[in-house]
Every structure is written in C-alpha cells, then in structure tokens.
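Undergrad:
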Amino acid sequence: MLDRGAGLVILAVTIILIGSQIRAVEAGSSPIYFQGAGQAVSSISAASFESTEVAPESIVAAFGTSLATQTVVATDVDPATPGIQLPTDLGGTTVEINGRRAGLFFISPNQVNYVVPLATEEGTASVVVKAGNGTVSNGTIEVQRIAPAVFTANSNGGGVPAAFLVRVKSDGSQIYEDLMQFNAALGQFVPKPISLGPVGERVFIVLFLTGIRRADDPNQDGNRNENVRVLVGGSEIVPIFAGSQPDFIGLDQVNVEIPRSLIGRGVVDLVVVATDFSASNLVTIEIAGTQGISPPLISSFGSQTALAGEELVINGAGFSPVITENLVKIGGVDAEVMEATGNQLKVSVPFGAGTGTVQIRTLGGESESQQLLPVRTSISGLVENTLRQPMTGVTVRIPDLGITATTNIEGAFVLPDVPPGVQLVEVMGSSFQTNPPFPNVALKIAAQTSRDNQISRPIALQQATGSGAGVGSGGSFNDESSILQQGPAVSIQTGNFKLEFQYNPKVLFPSGATNGNIFLTPLLNARTPINLPYRYFSSSIVQITPFNVQFDPGGRLVFPNLDNFPAGQAAALFRYDSSIGRFVLEPVSARVSDDGLRIETEPTSMRVSNFYFAAVARKSTTIVGRVLKNDGVTPVTRALARFRGQEAFTDGNGTFILRYVPVRPNESISIEISYLWPSGRVDKIDSSEFTAVVGGISRMPDVILPYRVTNRPPSLNVPGNRSVMIGNSLSFDITA
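The sequence shown stops at residue 751 when you use the numbering used here, and every number in between is there.
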C-alpha cells in the first residue's frame, strides 16, 4: 500500500479549512429546496459543491446569512488524544443534525463547514445552525450511507482534483509529483500533463475525498476497494486502496493506478463510484503523449488570439501534408484541420477550448508550443427544437451587455468577448419566424475567463402549439383587498395535460399587463433547455407561456402518468426558475391518482408560468460510453451525450460519464450523441441499445461518429394552428 504520510494531512487541511472561501451555492443538477418562513441555510458537500446526498462522517459546507458572528478556523480541542477532536461549539456557533451536535471545521457569517455525525440516519435530516447572537437558521440535507465526493484544487467541485502523484520506478523507488499547475491567464489551477514514463514505471494518483468510508469491507482490513471503483478516461479500475485517511476527520483517500492505455489522450475525466450507490463529482487530469523520433515544430500562430469557431493558422515544420495525419489540440481540445502543408496548418478553433498550449501529433511524434495561445472569452451552444432539428437565424443575446449572435444553419452560435462571471443569456425563440411562436428562454451561464464556455446541452425550444385561454380581470395585481372579483373558472386542456383555476385569477404579465392569453404546451420528447434534477425524470413536461406570468391564486396542474409511477404515491413538483437558471423543487406536493393514470398537484400550486413537471425519484445508474471517429480508433473530444435530462461531454479518450441517471432494473436504453465540429457543422447519432445497471456502472457500446454527414431528418419548422377561448375550457390534441 502506498504511504499515506503526514504530508497528505497538510494538503487536506489547506484545501478544506484555509482555502475554503465564501461562495454562492451551486446546486449542479440537483433540486434546490426552498425553505418556509424564517432564516434558511443550505448544506452541500464541501468537496463536490453539489447538493446531492452526503454520508455520515462526511464533510459538508453550509451557506446562509448570520450563521456566525465571527470567522474562526477550528483547532484540535484535545491535542493529547491521538487524531483530531473537533469542537462542537466554535465562536458561539453550533450545528445540529437531527438533534445531534456536529463537529465544526470553520465558521463565518455566510459559511460553516462541519462533519455529519456518525449516527445520522439515512433520509432527509434537519439542519439547525445557531449563531452566537442567537440567530437560528434551518435547513435539510439528504443523507445516504455512501456518497463519494472528490476535493478539487480550485475548491469548486470541478477541474483538477486535490491530489498528487506517486511514481514507482522500475527499481521500486518512489517519487512524489504534482498533477496540477497554476494558469495565470485563467486564474486557477489546471491539470499538469502526466508522463507515464517508460515501460516498467507505474504512476498512481492519490485522491482526497469524503463519503466512502462506510462502503462494505468484507475482509475487515480497512481497505474498501472491493466496493469502490475509479473511472479514469472511461477505464474502470479497482483502486489499490480506498478508505478513511486516519489523521483527519471526515477525510477519505483513494490510491489508483493510471492505465498506460491512456498515454497521449490528453485531458480525461475521473470519477469515483461506490457499488450500489452514487458517483462522485467529475474531475479532470491530463495524460501526456510520447515525443517520438521526429516530432513537428510549432514556431508561431497567425493571430495573437483565438475565438471558438474561427480559423487559426499554425506555422512551423514537420507537419504532414495529409490533413488526417495531423492531430491538433488547443487547450487540450481537438481542433479541426482544414488545410495542411509541411510548414503550415489551418485549423478551426474548437468549441470549449481554453487558453493553453497547442499540441500537434503526426506520425513522427508529438510536440507542444512553447507559448500559450490566448483564447477569447465566449459562450457557445446549439439551438434546436424538441424534434432535435436545428433552428437557424435565432437571436441569442446578453441584453445587459449588448452582445448578440445569430444561429447558423446548424443552429450553432458564439457570443464573443463576454466578461467573466454569471451572465443572463436570452435565447429569442420569437425571432424564428413562425406562428405559433417559439418562446424566449433565459439561461444563467457561468462564463470562465479566457476560454469558450460551451453550453453543455442543446437548447431545445418547444413551439407554443398548445391550447390557451384568457386570464386576468384587468385589476391591480398588488391589490391587497380581501374582496376578489371571482369570475368563471378557467380550465385549459391540451391532450391529457390540464391547467385549472378555481376562478379567474389576478395576473401580472412581465409587460405589466393584468390580463391576456396563456398557453399550455407539452414538451415533445420531454426535451427541456436545461438539465433536469439528478435522479428525476418525467416524460410529461409542460410549458406555460408566456413565461413568468404571476397568478393569484395559483392553478392546479394535471399531468398524464406516462412513466407509470405507482398509484397513490407522492411526487415532487419542479418548476424552472428563470432568475437562477435551474429547476427548483416547489414547496407544494403532487400525487399520483388512485387509478395511476394522472399526477395531480394541489389546487393553487402553479403560481408562476414556466416549465413544470412532477416525478418520483428513482434509483440511478452511472452511464459510461465512448465516441470514436469514423476510423473506429480515434477518440472524439467534446462530443455531447444525452439521456433523460442529463448531459456530458466526452474527454480526451472520447469517453463520457453521465451520473445520477434514473433507470429501471434491466431496462434497455439508448444514448443520444451529437458533435459540434469546430467548423460549425453538427453530426448526430443514437447508440445501439444496452442494458442499464441500477446502482452500478452501465457501459454503452462504442459509438462511431458518421464521417461529415449530418444524419438528421429535414427541418419541419412550419406554421401550426392553435386556438384561444376566453373563460371556458378548451381541449387541443397534439399529433406528431
């Protein structure tokens, strides 16, 4: 077993306590829970920064306001006792989980880091934070016996892991090495290329994580590798060690060997998976190639900066005049070679590329530029309809900045020179000339500096072809009078979807109008413009347009139970919140009808128009697959895999990892694959069917991307018909 010495503890303390900064809560693809009245606190994994489940004895970060009256880092309260004993009262702040005091690492007014008590029961647990001045904050966490979460160098749950390498030479000697380096242009740590050395050398990653120490240990030796697996570039590896790091509370450790089959694959994904439980957050490492006997030489670039989708000239020597014999990566992402001579390459800058070196591999070897190629900050993506057809000529904009782009014939766009930070991106579906119109959708995109920020899913828009009705009396929405003008009931039905108001409600449209028409449209193929919450999926998703109309009182939604959720079971109701760009869990409940045909919400559940669905959480799987070019050998980087509301890009080995995907036991599934070429062309293909493994790893057969052929049906974006009836019921059946 590799040495787990004291140096590891120093690294862990630096990342968890000192490096833990105040940040906004990011929920990933997990549901955000709204608290009732009073002070609220949100708890997430301090490693992954995802609001998925946490495990007993794992390290958690709580966010809120007035959580403490001061900022304090904990110290060992009993140095005479082996190990570290955390205080349960730090600067007057305490945390209770289901009534049990939690050990505290760090407190501040907006963030508290704690360890979940060992005896905490599985399921929903209460969180109570009491500050020194008496302020009480309440929240909940979901507790699961095992919940792996990997610490990262940038303390954000993504990118390069908080880890180091152990190189074991052929003579048995060991060398410790870094696997990260600081990129000043990006302002963060990035992967440092890992050389796997000559045959006979072995390279191991020592990972720090939390949440795996309760995995089954059949032989009781403290090494739980029987039930822990690590996915590195899609290769499923049994770690040589997986278990608790004994010198630090809540900290776990995994030692895993990097397979030599990944030599030259560049940036690859790494995920830790516990048997029968969930996968960790996705982190990345970079695997270097071999230099070769006559590698090419990179001397200069034809421009000082690069923008995704534009052409770049690379000057040098030793290139192949055969286009397909030159493999070019910009910032670790495959570029498309358009023209080639022995001393010059013309390439298209790939989507998703960041500022970094340029790497070129030919039959003679591999080389890397001495200088960084600056990539301009941008946001890119695809716009399509819910039939997976591209939407051309759609305006995409950042209204606050006046930055605008128009989708090309493939539905692709690039918003150039975007300031770093969270940006409100509006996709103006109404700019696509058709009637009924497509809606305008607002997305929140976190733009990282000096890179193209490719949106991780096609932005799917649904034409508002559903039935509608007039709502609102025209009176003031803010009128607090208890006397309401109770007009006739309003009921809208499209197929088996219904929206019912007990009487005509007060309404407020975004324009300020207090009456108007609303439309109820089911989403074809259940395709939303954003990811669904982890472990939740519904085939019955509806949009109510125009978006962001407020109703008082709200309405009742009825969904057809297309997923056969059990009769009488409670279901969660989700709404897309345009202000934060995510689905949120509504504080009201829904229920599957006794006959199992419908899912019905409470009478006034729908208070703001947007996307809605109701679903029951299912057991999930981790899906792993690989996408290759038409030669059946070369991996495709940044191809997009999609299934049941979850998406992932392929890494340098052509591998994608979809986490928390809801499935049924032994269900046959197929994955959607698409690839946005740097030239702006989009290719699409579906995988062959394979069997899902509940609670484990489901492996998709390799997918061969068609050669430069867009295999999609012709566009069918044509005018449709819809009807509006004022103050009465209307049924409108959709045919496809």
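Just so it is clear, CB atoms sit at the ideal spot from N, CA and C, and this is done for glycine as well.
For clarity, every value in this text was computed on a predicted model and none was experimentally measured.
1) If you pair each beta-carbon of the stretch 663-676 with each one of the stretch 603-623, do three or more pairs fall below 8 Å?
2) Beta-carbon separation of Ala76 and Ile99 under 8 Å?
3) Measuring CA to CA, which of Gly138, Pro97, Val92 and Thr150 is closest to Val110?
4) Just list the beta strand (DSSP E) runs in the stretch 676-701, keeping only unbroken ones of 3 residues or longer that don't cross its boundaries, in chain order.
5) I want to know whether the stretch 171-181 touches the stretch 73-92 - three or more CB-CB distances under 8 Å.
6) For the beta strand (DSSP E) containing Arg653, list its first residue and its last residue.
7) Are the stretch 641-655 and the stretch 520-537 touching by the rule of at least three beta carbon pairs closer than 8 Å?
8) So is Gly34 buried or exposed if we call it buried at 16+ other beta carbons inside 10 Å?
9) So if DSSP puts Ala248 in a beta bridge, which residue, or which two residues, is it bridged to?
10) Going by the CB atoms, is the gap between Ile74 and Ala55 shorter than 8 Å?
11) Buried or exposed: which applies to Asn579, given that a residue is buried once 16 or more other Cβ atoms fall within 10 Å of its Cβ?
12) Note down, in chain order, each residue of its chain lying with its Cβ closer than 8 Å to the Cβ of Leu201, except the 5 sequence neighbours on either side.
13) If you reduce the DSSP assignment to three classes, tell me which class Asn240 lands in.
14) Since Val364 contacts Val352 with CB under 8 Å, what's their CB separation in whole angstroms?
15) In whole angstroms, give me the CA-to-CA distance for Ile719 and Asn645.
16) For Ala585, count neighbouring C-beta atoms within 10 Å of its own C-beta (all shown protein chains included) and say buried if the count is 16 or more, exposed if not.
17) Please classify Ser335: does DSSP put it in a helix, a strand, or coil?
18) Is the CB-CB distance between Ser395 and Ile474 below 8 Å?
19) Check whether the Cβ atoms of Arg714 and Ser635 lie closer than 8 Å to each other.
20) By the 10 Å Cβ neighbour count, where 16 or more other Cβ atoms means buried, how is Arg280 classified, buried or exposed?
21) Going by DSSP, what residue range makes up the beta strand (DSSP E) through Asp432?
22) Among Gly249, Glu272, Ser250 and Gly248, which has the Cα closest to the Cα of Ala257?
23) If you check the beta carbons only, do Ile700 and Ala656 fall under 8 Å apart?
24) Using the beta-carbon count (16 or more within 10 Å), is Arg38 buried or exposed?
25) Is Val288 closer than 8 Å to Arg244 when the C-beta atoms are compared?
26) Cutting at 7 Å between CB atoms, please list the residues of its own chain near Ala178, excluding the five before and the five after it.
27) For the stretch 61-86, which segments carrying the beta strand (DSSP E) assignment without a break, of at least 3 residues, lie completely within its bounds, in sequence order?
28) Give every residue of the same chain whose Cβ lies closer than 6 Å to the Cβ of Gly367, excluding the five residues on either side of it in the sequence, and list them in chain order.
29) Helix, strand or coil for Ala632? Go by DSSP, reduced to three states.
30) DSSP on Arg674, reduced to helix/strand/coil?
31) For the putative contact between Ser608 and Leu577, defined by C-beta atoms under 8 Å, what is the C-beta separation to the nearest angstrom?
32) What residues are listed by DSSP as bridge partners for Thr637?
33) If we ignore side chains and look at the alpha-carbon of each, how far apart do Val205 and Gly346 end up?
34) Verify whether the separation of the beta carbon atoms of Ile209 and Val218 is less than 8 Å.
35) Run through DSSP, which three-state label would Ser446 get?
36) So what's Ser395 in DSSP terms, helix, strand or just coil?
TA: On the basis of the coordinates in this document:
1) Judged by Cβ distances under 8 Å, the stretch 663-676 makes no contact with the stretch 603-623, as fewer than three pairs qualify.
2) Position 61 of the sequence shown, counted from the first residue, corresponds to residue 76. Position 84 of the sequence shown, counted from the first residue, corresponds to residue 99. A distance of 8 Å or more separates the beta carbons of Ala76 and Ile99.
3) Translated into the one-based positions of the sequence shown, residue 110 becomes position 95. Considering only Gly138, Pro97, Val92 and Thr150, the residue with the shortest C-alpha distance to Val110 is Thr150.
4) Restricted to the stretch 676-701, the beta strand (DSSP E) segments that are unbroken, complete and at least 3 residues in length are 687-691 and 697-701, listed in chain order.
5) Taking a contact to require three or more Cβ pairs closer than 8 Å, the stretch 171-181 and the stretch 73-92 do not qualify as touching.
6) Position 638 of the sequence shown, counted from the start, is the residue given in the question as residue 653. Following the DSSP letters along the chain, one finds Arg653 in no beta strand (DSSP E), marked with neither H nor E.
7) Taking a contact to require three or more Cβ pairs closer than 8 Å, the stretch 641-655 and the stretch 520-537 do not qualify as touching.
8) Here residue 34 corresponds to residue number 19 of the sequence shown, with the count starting at 1. Note that Gly34 has pLDDT 34, beneath the 50 cutoff, so the model's placement of it is unreliable and no number is given.
9) Position 233 of the sequence shown, counted from the first residue, corresponds to residue 248. Reading off the sequence, residue 248 comes out as Gly, not Ala. Residue pairing of Gly248 in beta bridges, as defined by DSSP: absent, with no partner found.
10) Along the sequence shown, read from residue 1 onward, the residue named residue 55 stands at position 40. Along the sequence shown, read from residue 1 onward, the residue named residue 74 stands at position 59. Result no, Cβ atoms of Ala55 and Ile74 do not sit closer than 8 Å.
11) Locating residue 579 in the sequence shown gives position 564, counting from the first residue. With fewer than 16 Cβ atoms within 10 Å of its Cβ, Asn579 is classed as exposed.
12) Locating residue 201 in the sequence shown gives position 186, counting from the first residue. Excluding residues within five positions, the ones whose Cβ falls inside 8 Å are Gly369, Thr370, Gln463, Thr464, Ser465 and Arg466.
13) By 1-based counting over the sequence shown, the position of residue 240 is 225. Of the three classes helix, strand and coil, the one that applies to Asn240 here is helix, per DSSP.
14) In the sequence shown, the residue the question calls residue 364 occupies position 349. In the sequence shown, the residue the question calls residue 352 occupies position 337. Not a contact, Cβ separation roughly 12 Å.
15) Here residue 719 refers to the residue found at position 704 of the sequence shown. Here residue 645 refers to the residue found at position 630 of the sequence shown. When rounded, the separation of the alpha-carbon atoms in Ile719 and Asn645 is 6 Å.
16) Position 570 of the sequence shown, counted from the first residue, corresponds to residue 585. The residue is exposed, with fewer than 16 neighbouring Cβ atoms inside 10 Å.
17) Locating residue 335 in the sequence shown gives position 320, where the first residue counts as 1. In this structure, DSSP gives Ser335 a state outside helix and strand, which the three-state scheme calls coil.
18) Counting from 1 along the sequence shown, the entry for residue 395 is found at position 380. Counting from 1 along the sequence shown, the entry for residue 474 is found at position 459. Against a cut-off of 8 Å, the Cβ pair of Ile474 and Ser395 comes out as no contact.
19) As a position in the sequence shown, residue 714 is number 699, starting the count at 1. As a position in the sequence shown, residue 635 is number 620, starting the count at 1. No, Cβ-Cβ distance for Arg714 and Ser635 is not below 8 Å.
20) As a first step, residue 280 is located in the sequence shown; it is residue number 265 there, counting from the start. The residue in question, Arg280, is buried, as its Cβ has 16 or more Cβ neighbours within 10 Å.
21) On the sequence shown, residue 432 is found 417 positions in, with the first residue counted as 1. Neither: Asp432 is in no beta strand (DSSP E) and is coded neither H nor E.
22) Locating residue 257 in the sequence shown gives position 242, counting from the first residue. Comparing Cα positions, the closest option is Glu272.
23) Position 685 of the sequence shown, counted from the first residue, corresponds to residue 700. Position 641 of the sequence shown, counted from the first residue, corresponds to residue 656. No, they are not a contact pair.
24) Along the sequence shown, read from residue 1 onward, the residue named residue 38 stands at position 23. Any reading at Arg38 is ruled out, since the residue's pLDDT is 37, under 50, leaving its predicted position unreliable.
25) The residue given as residue 244 occupies position 229 in the sequence shown. The residue given as residue 288 occupies position 273 in the sequence shown. Closer than 8 Å, so yes.
26) Position 163 of the sequence shown, counting from 1, holds the residue named residue 178. Apart from the 5 residues on each side of it in sequence, Ala178 sits with its Cβ closer than 7 Å to the Cβ of Leu194, Ile220, Val221, Leu222 and Phe223 in its chain, given in chain order.
27) Annotation: the stretch 61-86 contains the following complete segments of the beta strand (DSSP E) (minimum length 3 residues), in chain order: 74-78.
28) Looking up residue 367 in the sequence shown gives position 352. Only Val348, Asp467, Gln469 and Arg653 meet the Cβ criterion.
29) Position 617 of the sequence shown, counting from 1, holds the residue named residue 632. The answer is coil: DSSP assigns Ala632 none of H, G, I, E or B.
30) In the sequence shown, counting from the first residue as 1, residue 674 sits at position 659. DSSP places Arg674 in the strand class (E or B) of the three-state scheme.
31) Indexing the sequence shown from 1 puts residue 608 at position 593. Indexing the sequence shown from 1 puts residue 577 at position 562. Going by Cβ atoms, the distance from Ser608 to Leu577 rounds to 13 Å, so no, they are not a contact pair.
32) Residue numbering aside, residue 637 sits at position 622 when the sequence shown is read from its first letter. Ile712, per the DSSP bridge assignment.
33) In the sequence shown, counting from the first residue as 1, residue 205 sits at position 190. In the sequence shown, counting from the first residue as 1, residue 346 sits at position 331. Taking the straight line from one Cα to the other gives about 10 Å.
34) Your numbering for residue 209 matches position 194 in the sequence shown. Your numbering for residue 218 matches position 203 in the sequence shown. With respect to Val218, Ile209 sits close: the two C-beta atoms are nearer than 8 Å.
35) Residue numbering aside, residue 446 sits at position 431 when the sequence shown is read from its first letter. Helix, per DSSP.
36) Taking the sequence shown and counting its residues from 1, the one referred to as residue 395 is at position 380. DSSP places Ser395 in the strand class (E or B) of the three-state scheme.
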